[in-house]
Each structure stands twice: as C-alpha cells, then as structure tokens.
Amino acid sequence: EFDELRRVWNRYDPNGSCWVTPENMAFILYELDSPIGLKGQELPIEKAFMDYMKTHKREFKIRDRFPVFFEQMITNFDGSIILTRHSILRRLEQYEVTILNNRVHFADACIAVTRHRLHVHRDYKTDQIDYL
Numbered sequence: 484e485f486d487e488l489r490r491v492w493n494r495y496d497p498n499g500s501c502w503v504t505p506e507n508m509a510f511i512l513y514e515l516d517s518p519i520g521l522k523g524q525e526l527p528i529e530k531a532f533m534d535y536m537k538t539h540k541r542e543f544k545i546r547d548r549f550p551v552f553f554e555q556m557i558t559n560f561d562g563s564i565i566l567t568r569h570s571i572l573r574r575l576e577q578y579e580v581t582i583l584n585n586r587v588h589f590a591d592a593c594i595a596v597t598r599h600r601l602h603v604h605r606d607y608k609t610d611q612i613d614y615l
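Sequential numbering from 484 applies to the sequence shown in the numbering used here.
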C-alpha cells in the first residue's frame, strides 16, 4: 500500500521535495485504491452536479452555464479529478492530514493514511511533530 502511495506521490512531487500542496494531497487520496485511498468513490463535484441537474429537472447540454460554485473547481494536473476547495478541505480533515505553511509533507501523509486505515484518531493535545 505504501508503494502505491509513493508512486502516486512522485507524480505530484516530481522534484522529490517531499512536499505537496493540500489540493494535490486530496488528488493523491482520490488516486489511491481502498483501503488507504478514495479511488472509485463518487467525486463530490459529480454528486453536486447531478443533484443540481435533478433539482432543475433537466439534462445537461454543452451550452448550459454552470452555477457559480462550479466555477471554483480545482483539477489535478491531467484533468482526471475535479474537486471543489470545500471538498478538498473536508477530505483532508477526514484523514486528519497535517498542513504546515500550506504544504503537506510525505511523512505526515504516511501517518495520516495509516491512522485512517486503522481508525486511530489523533490526540491533538499530545500529538506534536517537530521538524528540523
């Protein structure tokens, strides 16, 4: 499972800095297979779009204009995953990912997916990591 995490991480961190943006961390989670990742789960933007279409009782046509919240979509580098800022933050919160200076470190990502897989929640009072 960690080999898969490392392989996907390398696509988002080609320079090997061990840091990615929170947005890219969410994309990584959606590329990882279960049980550590979210691959195959319905993307929040797809659900929101389908709910919008059902509410307005119409089928999608290319000329239709997306509602305002769809204009704030964020895509990964190849456009295969589309998320909203809100859904990104919700997933990172669900995985209890540590974000430092608007970046996620590889070690923190490994810890987060392990805890999520084992259903172990962080104790924010005693759980502190110091970086040199």
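Just so it is clear, CB atoms sit at the ideal spot from N, CA and C, and this is done for glycine as well.
Who are the Cβ neighbours of residue i in its own chain at under 6 Å, not counting the five residues just before and after it?
i      : result
ASP486 : none
ILE582 : PRO505
HIS599 : TYR578
GLU484 : ILE519
ASP591 : THR581
Can you give the Cα-Cα distance for residue i and residue j, rounded to whole angstroms?
i      : j      : result
LEU512 : LEU521 : 6 Å
LEU572 : ASN493 : 22 Å
ILE594 : CYS501 : 14 Å
VAL503 : PHE589 : 8 Å
ARG574 : ASN507 : 12 Å
ASN585 : ASN498 : 18 Å
Compare the C-alpha of residue i against each of the options and name the closest.
i      : options                           : result
SER563 : LEU572, VAL503, THR597 and ALA509 : ALA509
GLN524 : LEU566, ASP561, GLU576 and LEU601 : LEU566
Using a Cβ-Cβ cut-off of 7 Å (strictly less than) and excluding sequence neighbours within five positions of residue i, which residues of its own chain qualify?
i      : result
VAL491 : ILE511, GLU514 and LEU515
Is residue i near the ligand SAM, with its Cβ less than 7 Å from a heavy atom?
i      : result
ASP486 : The ligand SAM is not part of the structure shown, which contains no ligands of any sort.
Report the partner residues of residue i according to the DSSP bridge assignment.
i      : result
ARG586 : LEU583
Go ahead and label residue i buried or exposed: buried means 16 or more other beta carbons lie within 10 angstroms of its beta carbon, across all protein chains shown.
i      : result
VAL603 : exposed
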